[in-house]
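If you read the sequence shown in full-length UniProt numbering, its first letter stands for residue 1, the second for the next number, and so on.
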Amino acid sequence: MTTPAQPARFDDAVVTGVISHMNGDHLEDSLDIVRAYGQPDATAASMTDLDTVEGVWTAVVDGADVEVRVPWPGSPLTERPQLRVAVVELHTAAREKLGLPPVAPH
């Protein structure tokens, strides 16, 4: 029997950098993710935390904040560069799940 991975924290600078980037440049991507993974009626979303196992977003649903935790593909992650890959994979899968066209790589 396998035990689920226990989350570990990335360095505070990494967490702050990723959250700032997501909330500064990728709010629509975050909205796709929360809609696909638990809150289809969300009208806004922002990333609030992350660790080696999952990303955490706050979605606005019917005017209320709702926490959405989404496991990273291939978690647990062990290195910072894996975060970018995981977010892109998560967003790509979210758009597919929502029936939206793929976005051009950036």
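Where is the CB? At the ideal position from N, CA and C, for every residue including glycine.
Please list, in chain order, all residues of the same chain as Glu54 whose beta carbon is under 8 Å from its beta carbon, the five residues on each side excluded. Correct list, in chain order: Pro7, Arg69, Val70, Pro71, Trp72 and Ser75.
Can you say whether Ala13 is buried or exposed, counting buried as having 16 or more other CB atoms within 10 angstroms of its CB? Exposed, because fewer than 16 other Cβ atoms sit within 10 Å of the Cβ of Ala13.
Using three-state DSSP, classify Ala13 as helix, strand or coil. DSSP, reduced to helix, strand and coil, places Ala13 within a helical segment of the structure shown.
Assuming contact is defined by CB atoms lying nearer than 8 Å, are Leu98 and Val18 in contact in what I supplied? Taking 8 Å as the Cβ cut-off, Leu98 and Val18 do not qualify as a contacting pair.
8 Å Cβ cutoff met for Leu50 and Val15: Yes. Within cutoff.
Cβ-based neighbour list, Asn23, same chain, cut-off 7 Å, excluding 5 preceding and 5 following: Cβ within range, chain order: Ser46 and Met47.
Quick one: what does DSSP say Glu79 is sitting in, helix, strand or coil? Coil.
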